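If you read the sequence shown in full-length UniProt numbering, its first letter stands for residue 1, the second for the next number, and so on.
Below you'll find the structure, written out as structure tokens, and then a few comments.
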Amino acid sequence: MSDERIQHQAACHCGTVRFRVRLTDEFNTIRRCSCSYCRMRGAIAVSAPLADIEFVQGEENLTLYQFNTGTARHYFCSTCGIYTHHQRRSDPTQYGINVACIEGVSPFDFPEVQVMDGVAHPSDSGNASRVAGILRFEPTT
1 MSDERIQHQA
11 ACHCGTVRFR
21 VRLTDEFNTI
31 RRCSCSYCRM
41 RGAIAVSAPL
51 ADIEFVQGEE
61 NLTLYQFNTG
71 TARHYFCSTC
81 GIYTHHQRRS
91 DPTQYGINVA
101 CIEGVSPFDF
111 PEVQVMDGVA
121 HPSDSGNASR
131 VAGILRFEPT
141 T
């Protein structure tokens, strides 16, 4: 069976880290997280299975950051500092991919983005993941 999902090209800001990725459900998994770290980072992410990311160059230039339980693994380019992806805490079989790193895509392309409740994380409470709200981008005139 062939995989007909689109293979997206992606890179950090300086281009040192370059990768290809196939998303789980294209941009239908787009979200933000309200945990202390994601709130400060401000990135919008989409999901991809662990096996569906392929580094073309610069994987050795990635820096890893972990906090709290250490389950989520956040990766950054050590040259420009851009967050490229993270291994998800809520589903460690997937990566969250920084939408802004995907060629031809801007986080501002999506007028509404779900905000997941990372403060009351399902791994801490035993409950299903909650949507904390919707972030809406309003066009300026």
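Quick reminder that beta carbons are idealized off the backbone N, C-alpha and C, glycines included.
Predicted model only: the values in this text are computed from it and were never measured.
Query	Result
Start-to-end residues for the alpha helix (DSSP H) that takes in R39	S36 to R41
CA-to-CA distance, I6 to D25, given in whole angstroms	10 Å
Nearest residue (CA-CA) to C101, options C12, D3, H8 and E4	C12
According to DSSP, residues forming a beta bridge with H8	V21
Inter-residue spacing [alpha-carbon to alpha-carbon] between N61 and T79	7 Å
CA-to-CA distance, F76 to G15, given in whole angstroms	12 Å
Opposing strand residues paired with T79 [DSSP bridges]	Answer is none; T79 lacks a bridge partner.
Option nearest Q66 by Cα separation, candidates I44, R89, I82 and V56	R89
Helix, strand or coil at H13 [DSSP, three-state]	coil
Selected residue, minimal CA-CA separation from A51, among E103, F19, C35 and R41	F19
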